[in-house]
Every structure is written in C-alpha cells, then in structure tokens.
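Okay, so here's the structure we're looking at.
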C-alpha cells in the first residue's frame, strides 16, 4: 500500500519511485523469462509481433528495443500484473476497477540502445478522463549511465504540448519547446525490483543506454475502468468492432469490473492525426515522423 506521502508526491509531481516493490520470487521469474526471450531473439531477423529489433541486432549479438505485449507472450507478466503486490499500490491512484491498456518490455541494449524522445503518453491515447498511468518495473539495476526514465515534475498538470512535426504526429515534443521545462527533469534510478509510477500526462523520455548491460524495464499502461479511449486516437483499440473491444477490455481487467459508463472530464486533448508513415511503435513513430532528437545530434 502506498503511504500518504507517496500519494501526495504522485499528486504533486506526477510520478513516484517505490523501492523493493516486487517480491523476490516473482522478480526472479520475470527476469528469467525476459532473459530467455532475449536469447530466443537471436534467430529473428526483422521486427515481428513479439520483437522490436535495435540497430545491430544479430544472431551473435541480440539487441532489442522492445519485447511487445509481454503479457500476451508469457503468463508470468500477466500474473504479476494482477498480483496483490502490484494492485495494492495502484488502487489508491486509480480506484478498485482497473484495466490494462497495453504492456511492453523495453530491453534497451547496452552501449547505445535507442533513446525514447520526450513525450506525454496522453498524446498517443487520449481518453474520456485522465485517470491513467504507467508502471515501470525495473528488472535490472538502472543507474544514470543506463538510460533511465527521466520525468519533468508537475508536467501532468500543465498543457498538452505539441507532438507534431511538419503537420504530422511524430510522438515527441520538440526539444526546443521551452514549455516542456526539460531542464527540470529528474532521473528515475533504482535497484531491480523497484517500480516507477507516472501519470499519463507527465512529460518523460530516456537517453541511450551507455552502460554495459541491457536496461530491462517492464511497463504496464493502466487505466481506471471508466476511462474510455476517444475514437480516432492511435491506440491498440483502433479498428476493433464493438464486440471485440468489449471482450478485449474484459480480458485485460487487472481488478474489479469494466464500467459501461464513461466518466467525462474537461481534459485537454490533441488528437494524434494525421499519423506518420510507420506508427507500429513509439520508436517507429518518432523516427518516421521526423521527430527532432534531444539526445542525439544525428537524429
């Protein structure tokens, strides 16, 4: 359970770090499955439904940006997502009825793993209210050299910034946008088993991994069950029939029940259209959308 101070910090800053949050036996299982998935990627030669490959990936040197939707790849990721160890930390922030919108496992390769440019998750998938957050589960120790998440305190209460380049959604804030306050960002570092929690509107990004080992960060995107996606947003749900969407929502409930009454709030929304040429992942959205990099002079 979160302390009153942690809840206050989340409300003020838009993020918190919870140390030693993952039970030791569960952490070991998550780590073992993740390392096996990386090992299994050696024979993969192009992006597929499971892997988003990094530049330089080969059978001898597996380099990944991401393992996609890990909850659909191995049951241990869904088991932890629905465990009391996690849900009891999230309920104070989202209530008792919580849905997972998506999961991902960013396995940023050592010595140059791809950065993620500054952005607000909300820009990708606006909902009828903003009671959404992302949980980042550290499956490896993450220090400053490993390309940790960086967060801008208080940005979740500020305007939604432009994530467009030449009129196209590029999934990134221009690094010269002074409203982003990027100089105020703080790094989220910690030991394996710690978790970060950040609000859907919090500005964040991460630099390349210059460490000696992959940076393993499991992410769950969670929503209050009465937050419904706004049609037309670039999201998992685009193109689903009503029946498919209803089944998807119910299959991905973390706890409680799926609401049929969307809760409407006056929240700022910029729709992420027109899309870039390739919107298959945040890496491809930022690249094909021509986002200017805050972390590399060559992007």
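In our numbering, the protein residues as written are 2 to 300.
All C-beta atoms in this analysis are idealised placements derived from N, C-alpha and C, irrespective of residue type, glycine included.
All figures in this text were calculated on a predicted structure; none of them were measured in a lab.
1) Have a look at 269, 109, 158 and flag the residue whose alpha-carbon is nearest the alpha-carbon of residue 352.
2) Just curious, the beta strand (DSSP E) that residue 103 is in, first and last residue?
3) Any contact of the region 113-126 with the region 287-298, i.e. 3+ C-beta pairs under 8 Å?
4) What's the call for residue 258, buried or exposed, on a 16-neighbour Cβ count within 10 Å?
5) Would you mind sorting residue 89 into buried or exposed? The rule is 16 or more other CB atoms within 10 Å of its CB.
6) For the candidate residues 216, 194, 266, whose alpha-carbon lies nearest to that of residue 29?
7) Can you tell me the Cα-Cα spacing of residue 53 and residue 65, whole angstroms?
8) Do you know how far the Cα of residue 234 is from the Cα of residue 280?
9) Run through DSSP, which three-state label would residue 138 get?
10) Apart from the five residues on each side of it in sequence, which residues of its chain come closer than 7 Å, Cβ to Cβ, to residue 278?
11) On the DSSP letters alone, give me the boundaries of the alpha helix (DSSP H) that residue 82 sits inside.
12) Can you list, in chain order, the residues of its chain whose CB lies under 6 Å from that of residue 98, leaving out five sequence neighbours each side?
13) Could you give the residue range of the alpha helix (DSSP H) that holds residue 27?
14) The alpha helix (DSSP H) that contains residue 264, what's its start and end?
15) Are there 16 or more other CB atoms within 10 angstroms of the CB of residue 204, so buried, or fewer, so exposed?
16) Work out the CA separation of residue 13 and residue 127 for me, nearest whole Å.
17) From the DSSP output, read off the bridge partner residues of residue 152.
18) Per DSSP, what kind of secondary structure is residue 247 in: helix, strand or coil?
19) Round the Cβ separation of residue 268 and residue 100 to the nearest angstrom and send it over; I've been treating them as touching at under 8 Å.
20) Which same chain residues end up closer than 8 Å to residue 151 when comparing Cβ atoms and leaving out the 5 residues on each side of it in sequence?
This is what the structure holds:
1) The chain is shown from 2 up to 300; residue 352 falls before or after that span and cannot be answered.
2) Here residue 103 refers to the residue found at position 102 when the chain shown is read from its first residue. Looking at the DSSP string, the run of the beta strand (DSSP E) that includes residue 103 is 99-109.
3) Under the 8 Å Cβ criterion, the region 113-126 counts as touching the region 287-298, having at least three qualifying pairs.
4) Counting from one through the chain shown, the residue named residue 258 turns up at place 257. In the assembly as shown, residue 258 is an exposed residue. Its beta-carbon has fewer than 16 other beta-carbons within 10 Å.
5) Here residue 89 corresponds to residue number 88 of the chain shown, with the count starting at 1. With fewer than 16 other Cβ atoms within 10 Å, it is exposed.
6) Along the chain shown, one-based indexing puts residue 29 at 28. Closest in alpha carbon position to residue 29, among 216, 194, 266, is 194.
7) Residue numbering aside, residue 53 sits at position 52 when the chain shown is read from its first letter. Residue numbering aside, residue 65 sits at position 64 when the chain shown is read from its first letter. Those two C-alpha atoms are separated by around 6 Å.
8) Against the chain shown, residue 280 aligns to sequence position 279. Against the chain shown, residue 234 aligns to sequence position 233. Cα to Cα, residue 280 sits roughly 12 Å from residue 234.
9) Walking along the chain shown from the start, residue 138 turns up at place 137. Looking at residue 138 - three-state DSSP - the assignment turns out to be strand.
10) Here residue 278 refers to the residue found at position 277 when the chain shown is read from its first residue. Excluding residues within five positions, the ones whose Cβ falls inside 7 Å are 289.
11) Your numbering for residue 82 matches position 81 in the chain shown. Residues 76-82.
12) Taking the chain shown and counting its residues from 1, the one referred to as residue 98 is at position 97. Within its own chain, the residues whose Cβ lies closer than 6 Å to the Cβ of residue 98, once the five positions on either side in sequence are excluded, are 226, 257, 258, listed in chain order.
13) Locating residue 27 in the chain shown gives position 26, counting from the first residue. Element bounds for residue 27: 25-41.
14) On the chain shown, residue 264 is found 263 positions in, with the first residue counted as 1. Careful: residue 264 lies outside any alpha helix (DSSP H) and carries neither H nor E.
15) Within the chain shown, residue 204 is the residue found at index 203, counting from 1. For residue 204, the number of other beta carbons within 10 angstroms of its own is at least 16, and it is reported as buried.
16) Here residue 127 corresponds to residue number 126 of the chain shown, with the count starting at 1. Here residue 13 corresponds to residue number 12 of the chain shown, with the count starting at 1. Rounded to whole angstroms, residue 127 to residue 13 spans 21 Å at the Cα level.
17) As a first step, residue 152 is located in the chain shown; it is residue number 151 there, counting from the start. Here residue 152 is bridged, per DSSP, to 187, 205.
18) For this step, residue 247 is matched to residue 246 along the chain shown. Three-state DSSP puts residue 247 in a helix.
19) To locate residue 268, count along the chain shown from 1; it is residue 267. To locate residue 100, count along the chain shown from 1; it is residue 99. Taking a contact as a CB-CB distance under 8 Å, the pair residue 268 and residue 100 does not count as one, their CB atoms being some 18 Å apart.
20) Working through the chain shown from its first residue, we reach residue 151 at position 150. So the list reads 186, 187, 188, 189, 205, 206, 207, 208, once near-sequence residues are dropped.
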